[in-house]
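Read top to bottom, the protein sequences are chains A and B. The working numbering numbers the first residue of the first sequence as 3 and each following residue consecutively. The working numbering numbers the first residue of the second sequence as 541 and each following residue consecutively. These notes concern the structure reproduced below.
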Amino acid sequence: MAESADVAIVGSGISGLLAARELLAAGREVTLIERGPARYGADSLSLDSREEPLPSTEHNTLPGAGEGGHGWQYGYAFGGSSLLWAGVAPRLLPSDFETHSRFGIGRDWPISYETLLPYYQEAERALSVSGSPHPLFPGSDAYPVPPVEPSAADRLLGPLLEPFGALAVARRLAGPGGYPPPLDGGVDDVEESVTALDVARELASSPGLTVRDRTVASRLRTESGRVTAIDLVGADGGHEALSANRVVLAAHGIENAAILLRSGFGGDSLGRWLGDHTHVVIDLEVEAPVEHWLASSRDSGISYAWADGDWRSERASAVVVPFNPGLLARDDLAEGLADGEGGSRLRERLSERFAKTLVVYASLEDVPREDRFVELSADRDSLGIAKTRVHYPADSDYVARGLDRVCQGLEERLAPLGARVARRRAGNLGGHMLGTCHMGAGGVVDENLRAHGYDNLFVAGGSAFPTHSALHPTATIAALAIRLGRHLAAESS
Amino acid sequence: MRALGLTQAEAELLTSRAARRLGRRRYRVRALAFTVATAAPLRPLIPRRLRLKAIRPLLHALLPGPSENVLYATRQAPGKPGGLDG
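In C-alpha cells:
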C-alpha cells in the first residue's frame with residue numbers, strides 16, 4: 003500500500019467537505035479525493051472555467067438506449083456540483099420523510115424531520131442561508147442570515163399563493179442585493195454565490211486534511227465486510243491504492259453508484275431509483291403591466307400551495323417559485339428574428355409581453371422509479387475506467403397530473419390579475435442526482451448512511467435519499483453530511 | 541444592431557460588453573453568423589432551424605442576464621431611469 007488514511011472521502015462538494023469539516027474539528031485525519039485540481043480561490047465560480055480538461059475529469063456517462071440523454075449537470079472540479087448551485091436551500095417538509103405511510107407512494111425515510119432538525123440548523127449556519135421562519139418547517143426560527151426584501155413578484159403573488167414564504171437561499175450578503183445592477187458598474191448579475199469552496203477555504207489550513215486532487219477513485223477493494231483500500235487512478239494514468247479505516251463516498255448520485263458497481267457491489271437497489279426534480283417554467287400573461295424589479299437577483303419567494311396534502315397519493319407535490327428577472331427576451335427575440343421580424347417593432351412587441359408576463363417555475367416530485375437507473379457500460383474512458391450508462395425515461399403521469407393541477411390552480415388563484423398560463427416549458431433539469439444508494443431496509447445504506455454489510459463504508463449526498471420531495475435537496479444533503487461527520491467522529495473516538 | 545431595434549448608445553454598450561466577455565474573435569464569429577442568418581437576401585435560403593442556431597449565440601452574448609434584459613425590454617438602463625442617457 004502506498005498510503006493509508008484514517009477517513010477517506012471521495013468527492014469535494016458540499017457533502018464531502020461538510021463531513022470532513024466535522025471530522026477535522028474532532029481532531030480526525032481526512033484524505034479527500036477529487037477528480038479535478040484543488041483550487042481554493044474564488045476568481046471565477048463558473049464550472050466552465052474551473053473544470054480543467056484532464057483525463058480524470060472526462061465525463062463518462064452515456065444515455066440509455068433510445069433516450070436523448072437527460073442532460074445531467076455535474077462537474078469534476080474542486081467544489082463539485084456546488085459550482086453549479088444557485089444557492090437554493092430549503093428544508094424538506096416533514097411529510098416528505100413519510101410519503102409511504104401518509105400517501106402510499108414511494109417509501110419512508112428511516113429518519114424523520116425531527117431527527118434531522120439540529121443538522122438542518124447547523125447546515126444553514128455553515129452555508130450562510132438566509133430565510134425566515136415558516137410554520138410548515140418546525141424549528142425554522144434561527145436562520146443565520148435574514149431574508150432579503152421580497153421582490154415585486156413576491157409581493158404581488160405571495161398573498162394569492164398562500165402558504166407563501168421567503169425562499170431559503172445561501173448567500174454571502176445580508177440584506178437586499180441591488181437588482182438589477184447597473185450595466186456600467188462591472189457588477190455581476192448574480193450576487194456572490196456560496197459554494198463548497200467557502201467550506202474548503204475554511205478547512206484548507208487544517209493539519210489533518212490531505213487533498214488528493216486530479217485523482218479518480220476507480221474501485222473499492224473489500225474483504226470480509228470491510229473496505230480495505232481504494233484503487234486510485236491519477237490524471238497521468240498512474241495507479242495506486244489507498245488504505246483507509248473508513249471510506250465515505252460523497253460524489254453525486256450517478257458517481258457514487260458507479261464506484262460501487264465497478265467494485266462488484268450488487269443488490270436490488272444499487273444504482274436504481276435515480277431521481278431528479280422536474281422543473282417547469284410557466285409564463286403567466288396578466289392584464290396589467292407588472293413591476294419586475296427592486297428585488298434580489300436570486301429568487302426570493304416560494305409558494306407551498308400545491309406542496310402537501312392527501313392528494314399526493316394521486317399527483318405530484320410541487321412548489322412554485324416566482325422568477326424575479328421576469329421574462330428573458332432573448333429566446334422570443336431569436337424566434338422573431340428567424341421569422342423575419344426585427345427592428346423597433348419586434349422590440350416593442352417583446353417589451354409589451356415582458357411587461358405583462360409573470361414567470362414562475364414549478365419544481366415537482368416524481369415517485370421513485372425502478373426503470374430510472376445507472377449501470378456500467380462495456381465502453382471505457384481514456385483512463386480505462388468503465389463508463390456509466392444512465393437510464394432516465396420520461397416523467398410519469400403522476401408528474402403530469404401534478405403540473406396540470408398547478409397550472410389550473412395558478413389561473414384560479416391569480417384570477418384577480420386576469421392571469422392565463424400562456425406557455426410552459428422545461429426548466430433547468432439534470433442538476434439533482436438522487437436516490438441510487440437509498441437509505442433504509444432494502445436499500446444500500448442504513449439510517450447512519452453505513453452500507454449494509456460493510457462496517458466501514460458510508461455513502462453520503464443525494465444518492466442516499468429514499469424519495470425526492472419537490473423541494474431542492476442541498477440543505478438536506480448538507481444536514482446529512484454534518485450528521486454523518488459527527489457520527490464518524492464519535493465512532494472513531 | 542438595427543435588427544434588434546437598439547439605439548446607437550445601447551448597441552455600443554451591449555456589443556462592447558459581449559466582446560469583452562467572449563473575446564473579440566469569438567464575438568466576431570457570432571456576429572457574422574447572426575448577420576448571415578438575418579440578412580434579407582440570405583435568410584430565405586437558410587432552413588429555420590439553422591437560422592435559429594446562428595442567431596441564438598449572439599443574443600446570449602448580448603443579453604446574457606437580467607441587467608441586459610431589462611435594458612432591452614424596458615429601454616431603461618438599470619440604475620439610470622430614462623435610458624442610457626437618463
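In this text, a Cβ means the ideal position worked out from N, Cα and C, and glycines have one as well.
At what residues does the alpha helix (DSSP H) containing residue i begin and finish?
i: residue 357 of chain A; result: 345-357
i: residue 324 of chain A; result: First-last for residue 324 of chain A: 320-324, but that is the beta strand (DSSP E), not the alpha helix (DSSP H).
i: residue 333 of chain A; result: 332-340
i: residue 574 of chain B; result: 564-578
i: residue 414 of chain A; result: 399-415
i: residue 381 of chain A; result: It is not in any alpha helix (DSSP H) - residue 381 of chain A instead sits in the beta strand (DSSP E) that spans 375-382.
i: residue 18 of chain A; result: 16-27
i: residue 423 of chain A; result: Premise fails: residue 423 of chain A lies in the beta strand (DSSP E), 422-428, not in any alpha helix (DSSP H).
i: residue 71 of chain A; result: Careful: residue 71 of chain A lies outside any alpha helix (DSSP H) and carries neither H nor E.
i: residue 597 of chain B; result: 588-602
i: residue 583 of chain B; result: Element bounds for residue 583 of chain B: n/a, residue is neither H nor E.
i: residue 201 of chain A; result: 198-205
i: residue 154 of chain A; result: 154-159
i: residue 2 of chain A; result: The structure shown has nothing for residue 2 of chain A, since chain A only spans 3 to 495.
Closer than 8 Å, CB to CB, is residue i near chain B or not?
i: residue 342 of chain A; result: yes
i: residue 18 of chain A; result: no
i: residue 331 of chain A; result: yes
i: residue 112 of chain A; result: no
i: residue 345 of chain A; result: yes
i: residue 290 of chain A; result: no
i: residue 336 of chain A; result: yes
i: residue 30 of chain A; result: no
i: residue 179 of chain A; result: Per-residue confidence for residue 179 of chain A stands at a pLDDT of 47, beneath the threshold of 50, marking its modelled position as unreliable; the derived number appears in the next sentence. Not closer than 8 Å to any Cβ of chain B, the Cβ of residue 179 of chain A fails to qualify, so no.
i: residue 348 of chain A; result: yes
i: residue 339 of chain A; result: yes
Which whole-angstrom value is the C-beta distance of residue i and residue j, which I expect to be below 8 Å?
i: residue 197 of chain A; j: residue 17 of chain A; result: At roughly 13 Å, the Cβ-Cβ gap does not stay under 8 Å, so residue 197 of chain A and residue 17 of chain A are not in contact.
i: residue 573 of chain B; j: residue 551 of chain B; result: That pair is no contact at about 18 Å.
i: residue 391 of chain A; j: residue 66 of chain A; result: 6 Å
i: residue 210 of chain A; j: residue 26 of chain A; result: 5 Å
i: residue 118 of chain A; j: residue 481 of chain A; result: 5 Å
i: residue 477 of chain A; j: residue 120 of chain A; result: The pair is not a contact, with the Cβ atoms about 13 Å apart (cut-off 8 Å).
i: residue 349 of chain A; j: residue 545 of chain B; result: 3 Å
i: residue 53 of chain A; j: residue 77 of chain A; result: 5 Å
i: residue 321 of chain A; j: residue 309 of chain A; result: 5 Å
i: residue 259 of chain A; j: residue 272 of chain A; result: 6 Å
i: residue 265 of chain A; j: residue 224 of chain A; result: 7 Å
i: residue 276 of chain A; j: residue 255 of chain A; result: 6 Å
According to DSSP, which residues form a beta bridge with residue i?
i: residue 100 of chain A; result: A/110
i: residue 245 of chain A; result: A/6, A/231
i: residue 236 of chain A; result: A/217
i: residue 277 of chain A; result: A/436
i: residue 11 of chain A; result: A/34, A/250
i: residue 64 of chain A; result: A/391
i: residue 496 of chain A; result: Any property of residue 496 of chain A remains undetermined from this structure, which presents chain A solely from 3 to 495.
i: residue 363 of chain A; result: A/283, A/323
i: residue 453 of chain A; result: A/447
i: residue 224 of chain A; result: A/229
i: residue 555 of chain B; result: Answer is none; residue 555 of chain B lacks a bridge partner.
i: residue 212 of chain A; result: A/33
i: residue 90 of chain A; result: A/171
If you measure from the beta carbon of residue i to each beta carbon in chain A, is any gap under 8 Å?
i: residue 555 of chain B; result: no
i: residue 613 of chain B; result: yes
i: residue 628 of chain B; result: Limits of chain B in this structure are 541 at one end and 626 at the other, which puts residue 628 of chain B out of reach.
i: residue 599 of chain B; result: yes
i: residue 585 of chain B; result: no
i: residue 558 of chain B; result: no
i: residue 552 of chain B; result: no
Along the chain, where does the beta strand (DSSP E) that runs through residue i open and close?
i: residue 1 of chain A; result: Absent from the structure is residue 1 of chain A, since the part of chain A shown begins at 3 and ends at 495.
i: residue 443 of chain A; result: From DSSP, residue 443 of chain A is part of no beta strand (DSSP E); its letter is neither H nor E.
i: residue 461 of chain A; result: 459-461
i: residue 303 of chain A; result: 303-305
From the beta carbon of residue i, is the nearest beta carbon of chain C less than 8 Å away?
i: residue 93 of chain A; result: Absence of chain C from the displayed structure is noted, the protein chains being A and B.
Item to check | Within 9 Å of chain A by C-beta, residues of the region 560-582 of chain B in sequence order | outcome: Residues 574, 577, 578, 580.
Checklist entry - Using a Cβ cut-off of 9 Å, which residues of the region 351-381 of chain A contact any Cβ in chain B, in chain order? => result Under the 9 Å Cβ criterion, the region 351-381 of chain A contributes 352, 353, 355, 356, 357.
Checklist entry - Taking Cβ-Cβ distances below 8 Å as the criterion, which residues of the region 308-331 of chain A are in contact with chain B? => result Closer than 8 Å at the C-beta level to chain B, one finds these residues of the region 308-331 of chain A: 326, 327, 328, 329, 330, 331.
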